[in-house]
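K.L.:
Quick one: the structure is below, and I'll ask about it shortly.
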């Protein structure tokens, strides 16, 4: 298995402002073919917003996704790791706190994201988790 978070993370960060609407965030996710974005106030990570957050915390509650901000639906104050942290530390945090992704922050700035899929791919590229992580999102709808 890889030794450091920087060896397994997805580099680069797709972020939205805290006041961005859920529609803006969802459209960005669709355009970037991703399922989550970092919510950042300037360069500071204030939350992580997933497609599931939008569906469960907003749409299922019947709120207007044009009128609700990313900050109000995201997971606030997410746990973060540094690029030079051991992969084992990221795994331990994910297990202990039951989270699937962690922003990677260096000198206070978000530089990437490490997910369960990234870890599965690094440990065993032929694993089902790695296959799912590498699969293209089907943005056409359906199952």
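Residue numbers (UniProt numbering): 1 to 143.
All C-beta atoms, glycine included, are put in the ideal place defined by N, C-alpha and C.
All values reported here derive from a predicted model rather than from experimental measurement.
Leaving aside the five residues before and after residue 43 along the sequence, list all residues of the same chain whose C-beta is less than 7 Å from its C-beta, in chain order.
P.N.:
Position 43 of the chain shown holds residue 43. 108, 109.
K.L.:
Assuming residue 76 and residue 104 are in contact, meaning their beta carbons sit under 8 Å apart, how far apart are those beta carbons, in whole angstroms?
P.N.:
On the chain shown, position 76 is the one that residue 76 refers to. On the chain shown, position 104 is the one that residue 104 refers to. Incorrect: roughly 18 Å between the Cβ atoms, too far for contact.
K.L.:
Leaving out the 5 sequence neighbours to the left and right, which residues in its chain are closer than 7 Å to residue 12 when beta-carbon positions are compared?
P.N.:
Working through the chain shown from its first residue, we reach residue 12 at position 12. Same-chain partners within the cutoff: 112.
K.L.:
If I'm right that residue 146 touches residue 78 with Cβ under 8 Å, what's the distance once you round it to whole angstroms?
P.N.:
Because the chain here runs from 1 to 143, residue 146 falls outside it and cannot be looked at.
K.L.:
Write down the C-beta distance between residue 34 and residue 14 rounded to the nearest angstrom, noting that I regard them as a contact closer than 8 Å.
P.N.:
Numbered from 1 along the chain shown, position 34 holds the residue referred to as residue 34. Numbered from 1 along the chain shown, position 14 holds the residue referred to as residue 14. Indeed they touch by this definition, with Cβ atoms about 6 Å apart.
K.L.:
Classify residue 68 as buried or exposed, calling it buried when 16 or more other Cβ atoms lie within 10 Å of its own Cβ.
P.N.:
As a first step, residue 68 must be located in the chain shown, where it is residue number 68. Looking at its Cβ environment, which holds 16 or more other Cβ atoms inside 10 Å, residue 68 is buried.
K.L.:
Check this for me: beta carbons of residue 114 and residue 89, under 8 Å apart or not?
P.N.:
Within the chain shown, residue 114 is the residue found at index 114, counting from 1. Within the chain shown, residue 89 is the residue found at index 89, counting from 1. Not a contact, by the Cβ cut-off of 8 Å.
K.L.:
Give a yes or no on whether the C-beta atoms belonging to residue 81 and residue 102 are separated by under 8 Å.
P.N.:
The residue you call residue 81 lines up with position 81 of the chain shown. The residue you call residue 102 lines up with position 102 of the chain shown. Their beta carbons are under 8 Å apart, which means residue 81 touches residue 102 by this criterion.
K.L.:
In terms of alpha-carbon separation, which member of 40, 41, 36, 45 lies closest to residue 55?
P.N.:
Locating residue 55 in the chain shown gives position 55, where the first residue counts as 1. If we check each option's Cα against that of residue 55, 36 comes out closest.
K.L.:
Under the DSSP definition of a beta bridge, which residues are partnered with residue 106?
P.N.:
Translated into positions along the chain shown, residue 106 becomes position 106. Its beta-bridge partners are 109.
K.L.:
Give me whichever residues DSSP pairs with residue 86 in a beta bridge.
P.N.:
Start at 1 with the first residue of the chain shown, and residue 86 comes out as number 86. Note: residue 86 sits in a beta bridge opposite 4.
K.L.:
What is the rounded straight-line gap between the Cα of residue 122 and the Cα of residue 106?
P.N.:
Stepping through the chain shown from its first residue, residue 122 is reached at position 122. Stepping through the chain shown from its first residue, residue 106 is reached at position 106. Rounded to whole angstroms, residue 122 to residue 106 spans 21 Å at the Cα level.
K.L.:
Give me whichever residues DSSP pairs with residue 47 in a beta bridge.
P.N.:
Translated into positions along the chain shown, residue 47 becomes position 47. Paired residues: 39, 76.
K.L.:
For residue 13, does the three-state DSSP call read helix, strand or coil?
P.N.:
Translated into the one-based positions of the chain shown, residue 13 becomes position 13. Residue 13: coil per DSSP, three-state reduction.
K.L.:
Taking the straight line between their C-alpha atoms, what separation do you get for residue 96 and residue 7?
P.N.:
Here residue 96 is taken as the residue at index 96 of the chain shown, counted from 1. Here residue 7 is taken as the residue at index 7 of the chain shown, counted from 1. Looking at the two C-alpha atoms, the distance is approximately 22 Å.
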